[in-house]
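Protein sequences appear in the order of chains A and B.
Numbering-wise, the first sequence is residues 46 to 445 according to our numbering.
Numbering-wise, the second sequence is residues 46 to 445 according to our numbering.
Ideal placement from N, C-alpha and C gives every residue a C-beta, glycine not left out.
Model, not experiment: these values are computed from the prediction.
Protein chains: 2
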Amino acid sequence: MKIKDCKFSGIKAGIKKDKFDLGLIYFTEPSTCVAAFTKNLLKSNSIIVSERHLKKTGHIRCIIANSGCANTACGNDGIDITEQICKVLAEKLNLLPEEVLVASTGVIGEPLPKEKILSNLDHLISSLGTGKGKIFNFARAIMTTDTKPKVVYKSLKMKSQKGNILCIAKGAGMIAPDLCLNKQHATMLVFLLTDFLLCREQMEQLMQHIIVPTFNSFSIDGDTSPNDTIFFVTTNISNNVIVKDKEFKELVEHFKIVCEEIVWKLLSDGEGVTKVIKIIIKNSESKNAEKIAKTIANSLLVKTAFHGADPNWGRILSCCGRSNANIDINKINIWIGKHQVVKNGTSNFVKDSLVRKEMKKKFFEIIIDAGNTYCKNLPYSFFTTDLSKEYVEINSQYKT
Amino acid sequence: MKIKDCKFSGIKAGIKKDKFDLGLIYFTEPSTCVAAFTKNLLKSNSIIVSERHLKKTGHIRCIIANSGCANTACGNDGIDITEQICKVLAEKLNLLPEEVLVASTGVIGEPLPKEKILSNLDHLISSLGTGKGKIFNFARAIMTTDTKPKVVYKSLKMKSQKGNILCIAKGAGMIAPDLCLNKQHATMLVFLLTDFLLCREQMEQLMQHIIVPTFNSFSIDGDTSPNDTIFFVTTNISNNVIVKDKEFKELVEHFKIVCEEIVWKLLSDGEGVTKVIKIIIKNSESKNAEKIAKTIANSLLVKTAFHGADPNWGRILSCCGRSNANIDINKINIWIGKHQVVKNGTSNFVKDSLVRKEMKKKFFEIIIDAGNTYCKNLPYSFFTTDLSKEYVEINSQYKT
């Protein structure tokens, strides 16, 4: 498990009580980063500073990340404190401050514990290393309500070169990513690293067409956070297109698989989640499809019915009706697994027991045919989870 | 407790197991009805038939209502069955079918049990009567997950006349009314009756400016039902404006109070609700105010924090940021009760313990000043509730 020219560390800096809470990714050579941030107007100071740094320089050298504090809405000096930390870290590593990026996750409104972070930088740097253990220490340092560190790794041999893709992520609640390339987005943090030789244009293509859409296609609780960040970094930049068309297409597929695998890890470790549901909208313009899918994905009544395997499909049909999508409700067909529960907008009189059996699975699909057969779009997919008492338990006492 | 020329009954018709489930309001004289229905594209057959009847005739004579079945998406003959029930009921009461209105609430997708209803019509009619007992029997017949019948009554003496206002309602889940005058809307059912002398124009004014806005200003779970209905009826119609300006204004206030009282009953009896929160948006255009208020009102993270009295105000500020409202996040000020937790978009460093004390109350206010001081609108108010494990419990097993 490695990325060329890339070292990791994760330590306990005392931001949280006796837990990993501060992490560092250090690139031994200048590396290229393409970033996507939350669209939430409320932005973490970490995002504001990272954006500023990315504008100043064409390459980066390290990313410092913390859990236990969102570094958001925490006083007027929040940006200054963040810049100071970058500056001290840069001096210690003999870098420019703008070669440092920052990511944070935790409670909004509490100031970043500057002294704790500064006094632990030496320890953080001396802990840098390669290998699975160091990578998992970093993954642990960014966990909040996550129960497991989330890492996906692929080592690949292509025709013209071999290389590695590594993705480290966190996020269990406040998850409804709505990321925008080079704009701000909430507490999903994604570090997607590679040592494949890529040019910036290809990185941007990957980000726009594969990475951002994949991370925007799921919701745990419908709450888009002010901290959501994807940093996509290659340690192996090229000024020209070296990896050619056919091989790039193959690489695109591998990146897609890595992103999908990490999304799956995020979903299944979501706060109080006991099952994952894929919503597929067919025969619909993409705008309508998105409205229908997100209304279903975020409906409390649907999510609680999923939880109890309650075959109450009327709630799904009702979501179609209130989604503001431009649809003919009498043309809607709905399947839960292989069972068609709605035919032309009304009951297909399937036995509840059959549907319940399907809904008891840890994963199942809902297919909505919106009936617009003139529309030649590919089906639109969106993932959601159930809503359990444990989610309520976790989130009614988060700060307490 | 009475409305002139108006009788009530509620019986156990066997739609549900040994519970009141069928109700009738009978007007001994032709009465005038103004209606508002859900905006959900999925419509109950009861709404489709009621709309049809209201278009045919200038007056109505009775309203039949049931719980235990939403009469929605329950087969292609659903409208026919509903019309048949109206026809038989009309014959028995010597009325025209179009003088009958219908309202239903319960599970979507199950056919209306026609035989049970038809065979109980004689019993329903013979049970008609006046007085508190009969009114509460009707109120019981429309309950689903409601734990209490909801009735508000005012007997008023104005300068030129005396009269009565009676409001009977139900609704505990699938509650985010989005009603539209003479359009369709979900399972909140409201029967607002009066014997004050009014003309149709005044009724429509009341509906548009007081009744619909009041019932659209709260959410329990963000799910707008396909059955939401308000029937506003006077047994005392006038062709001309009789109640003059000043007295009408006074009457408007009384109607407003009655609607607000019943909304309060709906909120506090919401599924699993332990507290009610009023969200007030100041210094904001109404469109932005509505976006902010509804994003906060329907956020799982905010609602669970309310439940646990968790002073996690960052979630409220984050909702402002992701609401799609056109705001300057650095001008946002937020109060929880009397405590200002956010000042100009960042923490005001109030002690958590003070805020927690406020949030432990059964009712408290959140004030958001959106900072648009050029805007001279009145503050926008919206009510919401907390989200408890009991809500999850109720709704994961609703149909099971």
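Residue i vs residue j beta-carbon contact at 7 Å
i                 : j                 : result
Cys78 of chain A  : Ile48 of chain A  : no
Val303 of chain A : Lys202 of chain A : no
Lys172 of chain B : Asn111 of chain B : One point to set straight first is that residue 172 of chain B is Ser, not Lys, in the sequence displayed. No, these two residues do not count as a Cβ contact at 7 Å.
Ile341 of chain B : Ala370 of chain B : no
Leu242 of chain B : Ser270 of chain B : no
Gly359 of chain B : Gly123 of chain A : no
Asp8 of chain A   : Pro424 of chain A : The requested residue 8 of chain A does not occur in the structure, where chain A is confined to residues 46 to 445.
Asn182 of chain A : Ala58 of chain A  : no
Leu87 of chain B  : Leu362 of chain A : yes
Ile411 of chain A : Gly390 of chain A : no
Val321 of chain A : Thr430 of chain A : yes
Ile60 of chain B  : Pro156 of chain B : no
Val197 of chain B : Ala184 of chain B : no
Ile109 of chain B : Val147 of chain B : yes
Leu99 of chain A  : Ala186 of chain A : no
Phe428 of chain B : Lys323 of chain B : yes
Ala81 of chain B  : Val257 of chain B : yes
Asp273 of chain A : Thr127 of chain A : no
Coarse secondary structure for residue i, derived from DSSP in three states
i                 : result
Ala135 of chain A : helix
Asp414 of chain A : strand
Ile56 of chain B  : strand
Lys228 of chain B : Low confidence applies to Lys228 of chain B: its pLDDT is 38, below 50, so where it sits in the model is not reliable enough to give any reading.
Ile379 of chain A : strand
His384 of chain B : strand
Ala118 of chain B : coil
Lys64 of chain B  : coil
Cys78 of chain A  : strand
Ser164 of chain A : helix
Ala217 of chain B : coil
Phe351 of chain B : helix
Lys301 of chain B : helix
Cys51 of chain B  : strand
Thr340 of chain B : helix
Phe449 of chain B : With chain B represented from 46 up to 445, any question about residue 449 of chain B goes unanswered, as that position is not in the structure.
Lys101 of chain B : helix
Ala186 of chain B : helix
Leu345 of chain A : helix
Gly359 of chain B : helix
Ile93 of chain B  : helix
Contacts of residue i in chain A (Cβ-Cβ under 8 Å)
i                 : result
Gln442 of chain B : Gly353, Asp355
Ala115 of chain B : Gly359
Ile180 of chain B : Within chain A, no residue comes near Ile180 of chain B; the closest Cβ sits about 30 Å away, beyond 8 Å.
Listed by chain order, chain B residues near residue i by CB distance under 8 Å
i                 : result
Val152 of chain A : Asn357, Gly359
Thr192 of chain A : Ordered by position in chain B, no residue passes the 8 Å Cβ test against Thr192 of chain A, which lies about 18 Å from the chain.
Ile411 of chain A : Chain B residues near Ile411 of chain A: none, gap ~15 Å exceeds 8 Å.
Per-residue contacts from residue i into chain A (C-beta, under 7 Å)
i                 : result
Asn121 of chain B : Thr391
Ser91 of chain B  : Residues of chain A passing the Cβ test: none, with the nearest at roughly 14 Å.
Proximal residues of chain A, C-beta to C-beta of residue i below 9 Å
i                 : result
Val321 of chain B : Near Val321 of chain B there are no residues of chain A at all, since even the closest Cβ is about 16 Å away, more than 9 Å.
Lys278 of chain B : Before going further, note that residue 278 of chain B is Val rather than Lys in the sequence given. By Cβ distance, chain A contributes nothing, its closest Cβ being about 27 Å from Val278 of chain B, past 9 Å.
Chain-ordered chain B contacts of residue i [CB-CB under 9 Å]
i                 : result
Glu438 of chain A : Thr349, Gly353, Lys434
Ser331 of chain A : Going along chain B, no residue has its Cβ under 9 Å from Ser331 of chain A, so there is no contact; the nearest lies around 19 Å.
Val387 of chain A : Ala118, Gly154
Contacts of residue i in chain B (Cβ-Cβ under 7 Å)
i                 : result
Asn85 of chain A  : Ser363, Gly366, Arg367
Val318 of chain A : None at all; the shortest Cβ gap to chain B is about 13 Å.
Residue i at chain D interface by Cβ criterion, 7 Å
i                 : result
Ser344 of chain B : No chain D appears in the structure shown, which is made up of the protein chains A and B.
Hey, is the segment 117 to 135 of chain B in contact with the segment 88 to 103 of chain B, meaning 3+ C-beta pairs nearer than 8 Å? With three or more CB-CB distances shorter than 8 Å, the segment 117 to 135 of chain B counts as touching the segment 88 to 103 of chain B.
Quick test of the definition: if touching needs 3 or more C-beta pairs under 8 Å, does the segment 134 to 153 of chain A touch the segment 306 to 313 of chain A? No, because fewer than three Cβ pairs between the segment 134 to 153 of chain A and the segment 306 to 313 of chain A fall closer than 8 Å, the two stretches do not touch.
May I ask you to list, following chain order, the residues of the segment 66 to 80 of chain B that have a beta carbon less than 8 Å from some beta carbon of chain A? Result list empty, no residue passes.
Given 8 Å as the limit, is there contact between the segment 203 to 214 of chain B and the segment 234 to 252 of chain B, that is, 3 or more CB pairs closer than that? Look at the beta carbons and you see the segment 203 to 214 of chain B touching the segment 234 to 252 of chain B: at least three pairs across the two are nearer than 8 Å.
Inspect the CB distances between the segment 409 to 426 of chain A and the segment 290 to 301 of chain A and report whether three or more fall short of 8 Å. The segment 409 to 426 of chain A vs the segment 290 to 301 of chain A: no contact.
Taking beta-carbon pairs under 7 Å, can you tell me which members of the segment 258 to 274 of chain B lie near chain A? Answer in chain order: Asp266, Gly267, Asp268, Thr269, Ser270, Pro271.
Touching or not, the segment 285 to 298 of chain B and the segment 187 to 197 of chain B, by the rule of three or more beta carbon pairs under 8 Å? Because the criterion of three Cβ pairs below 8 Å is not met, the segment 285 to 298 of chain B and the segment 187 to 197 of chain B do not touch.
Please name the residues in the segment 373 to 385 of chain B whose beta-carbon is closer than 9 Å to at least one beta-carbon of chain A, in chain order. For chain A, the residues of the segment 373 to 385 of chain B that bring a beta carbon within less than 9 Å of one of its beta carbons are Asp373, Ile374, Ile377, in chain order.
Segment contact, 8 Å Cβ cut-off, at least three pairs: the segment 272 to 286 of chain A with the segment 64 to 76 of chain A: With the cut-off at 8 Å, the segment 272 to 286 of chain A and the segment 64 to 76 of chain A touch.
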